[in-house]
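Undergrad: Let me give you the structure first, and then I'll get to my questions.
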Amino acid sequence: MAINKQEKILINLAGDVMIGRLIDQLLPTSVHNPEEAAFVHQFRLSRSLHCPYLQKGKYNYETIWGNTLPLWKEGNLNIINLETSVTTHDELWPEKVFNYRTHPDNIACLTTANIHHVSLANNHTLDFGIKGLEETCDSLEKSGISYVGASKTRQHALGPVYIDIPTTIKKLKPVPISSTTPRSSTSIRIGLLSASDHPSDWSSVPSFHLITYDLPQLYTQLAPLIATARSNCDFVIFSIHWGPNYQWIPDRKIQELGRWMINEGVDLIHGHSSHHIQGVEIVKRQNQTYGLIIFGCGDFLDDYAIDKQYRNDLSALFRLNLSISSSNSDKKKSIYLHSLSIFPVRCSNFQVNRLEKEDTDWIWIQQKLVQLSKIDNKTWTIGEDNNIVLDIHS
């Protein structure tokens, strides 16, 4: 009789990570912006006694992650939405209100937290035009960080891109590869796609994956991308920047699109854009397997003003626990969504930190998730590590 081996893979996800503007000015290397630098100087004077890490010379690539850094270090695959251009290029996209950029050296913020993959399909990737996007791509490539959703070519922007995650030695890093790279019995292959539904002005840029909600046409557009990913990997993740800001319940078409993508073969939808957390939904497919939609992961790290109703300073690190069963006799793998662990966080004074379950903000996040989610007969529990747990495969 063949002996089944079972491994677990941890995939960490966060929503918007915006390390530009004021955060850029705090970091060791920053782009030239006297106005933002002056604001940061005044902010340091007023807050450094309360937040010693804001003192000049102390704010570094680890500082921004606060006490969430150990969670990132535990992940087998770490994914964020990079909500800024990474460039020293100065020419702005015309008539855009907010333009974010960070110095290319500050990609070290991402490598410090073991960020392996970023979505570039969002409304700030092209803030400094095509040249800014190209430098963003170059900076990520030099740091070994995978990306999709926007690129130097349309083919790369549309994806899918692939990452192999070793399942034998935990300390090994995931490796970006092509679909033609031979498969290994000691790793699982993740296929990654990304798109954004705004801004419409960027439809003029072929290397930005923009979608609209003419659903029949959109299904025709996305179906071959999902099919390609599904046929070449073990697990498909679609990262999508969708919907308006500050709206608890996603529009009907967004919900329909999410369920359609799961039924087409996407296993996990990594949603973001609303600036605050939204609900999650478990979708059971005809083959009795499950897919998961995270409609809005929220803003993980930024310098934004706080909306008191939607609490855009509160979000979470979402950790997907994958179980992998393999048989010695045929080396086949069976991968399924075991559970979702949610670690509530708060972003304050340019740093993100985990919350204790006694904190009223932790309770607020928990209550919002329960209120907004569609999980059928599944149940929420509180884990041993101040996390909120949703059992999926039960």
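Oh and the sequence shown: position 266 is 266 in full-length UniProt numbering, straight run, nothing missing.
C-beta atoms are modelled at their ideal positions from N, C-alpha and C, and glycine is treated no differently.
Alpha carbon to alpha carbon, what distance is there between ILE23 and PHE350?
TA: Approximately 7 Å between the Cα atoms of the pair.
Undergrad: Decide yes or no for the touch test of the region 339-350 against the region 248-258: beta carbon pairs closer than 8 Å, at least 3 of them.
TA: Not touching, per the Cβ criterion.
Undergrad: Could you name the residues that DSSP lists as bridge partners for LYS374?
TA: Paired residues: GLU281.
Undergrad: Could you tell me the boundaries of the beta strand (DSSP E) in which PHE235 lies?
TA: That run of the beta strand (DSSP E) goes 235-241.
Undergrad: Can the beta-carbon of SER196 be found closer than 9 Å to that of ILE240?
TA: It is a contact, given that the beta carbons lie within the stated cut-off.
Undergrad: Beta-carbon separation of ASP16 and ASP299 under 9 Å?
TA: Against a cut-off of 9 Å, the Cβ pair of ASP299 and ASP16 comes out as a contact.
Undergrad: Distance check for ASN377 and ASN122, CA to CA, integer angstroms please.
TA: Taking the straight line joining both Cα atoms gives about 34 Å.
Undergrad: Rounded to whole angstroms, what's the CA-CA distance from ASP161 to SER151? Just pull it up for me.
TA: Residue identity differs from the one stated: residue 161 is Val in this sequence, not Asp. Roughly 12 Å separates the two Cα atoms.
Undergrad: Hey, could you find the ends of the alpha helix (DSSP H) GLU36 is sitting in?
TA: Its alpha helix (DSSP H) spans residues 34-47.
Undergrad: Report the residue from LEU192, SER194, THR212 whose alpha carbon sits nearest the alpha carbon of ASP201.
TA: When only C-alpha atoms are compared, the closest one is THR212.
Undergrad: From the DSSP output, read off the bridge partner residues of VAL86.
TA: Answer by DSSP bridge pairing, in chain order: THR102.
Undergrad: My output table needs one value for GLN367: the three-state DSSP class, helix, strand or coil.
TA: Three-state result, GLN367: helix.
Undergrad: By the three-class DSSP mapping on this structure, what secondary structure does ILE9 have?
TA: Reduced to three states, the DSSP call for ILE9 is strand.
Undergrad: For PRO344, which residues from the same chain have a beta carbon less than 6 Å from its beta carbon, with the 5 sequence-adjacent residues on both sides left out?
TA: Here the set comprises ALA316, LEU355, TRP362, ILE365.
Undergrad: The beta strand (DSSP E) spanning ASN122 covers which residue range?
TA: Element bounds for ASN122: n/a, residue is neither H nor E.
Undergrad: What ranges does the alpha helix (DSSP H) occupy inside the region 189-277, keeping only unbroken runs of at least 4 residues that lie completely in it?
TA: As far as the region 189-277 is concerned, its whole alpha helix (DSSP H) runs of at least 4 residues are 215-232, 252-264.
Undergrad: What is the C-beta distance between PRO104 and GLU135, in whole angstroms, given that I count them as a contact (C-beta under 8 Å)?
TA: Their Cβ separation, rounded to whole angstroms, is 7 Å, which keeps PRO104 and GLU135 in contact under 8 Å.
Undergrad: Can you grab the Cα-Cα spacing for the pair GLY66 / ASN78, in whole Å?
TA: Cα to Cα, the separation comes out at about 16 Å.
Undergrad: Is LEU13 near PHE318, with beta carbons less than 9 Å apart?
TA: In this structure, PHE318 lies closer than 9 Å to LEU13 by Cβ.
Undergrad: Would you call GLU7 buried or exposed, if buried means 16 or more other Cβ atoms sit within 10 Å of its Cβ?
TA: Buried, because 16 or more other Cβ atoms sit within 10 Å of the Cβ of GLU7.
Undergrad: Cα separation between LEU215 and TRP72?
TA: Cα-Cα distance, rounded: 36 Å.
Undergrad: So what's ALA14 in DSSP terms, helix, strand or just coil?
TA: In this structure, ALA14 counts as strand in the three-state DSSP scheme.
Undergrad: Three or more C-beta pairs closer than 8 Å, one from the region 107-120 and one from the region 145-159: is that the case here?
TA: Cβ pair count under 8 Å is three or more, so yes.
Undergrad: Look at the alpha carbon of CYS297 and the alpha carbon of HIS198, and state the distance between them as a whole number of angstroms.
TA: Answer to the nearest angstrom: the Cα atoms are 17 Å apart.
Undergrad: For LYS374, which residues from the same chain have a beta carbon less than 6 Å from its beta carbon, with the 5 sequence-adjacent residues on both sides left out?
TA: For LYS374, where only same-chain residues beyond five positions count, the Cβ hits under 6 Å are GLU281.
Undergrad: What would DSSP say about GLU356, mapped onto helix, strand or coil?
TA: GLU356 falls in the coil class under three-state DSSP.
Undergrad: One question on the structure: do VAL31 and THR88 come within less than 9 Å of each other, judged by their Cβ atoms?
TA: Yes, these two residues count as a Cβ contact at 9 Å.
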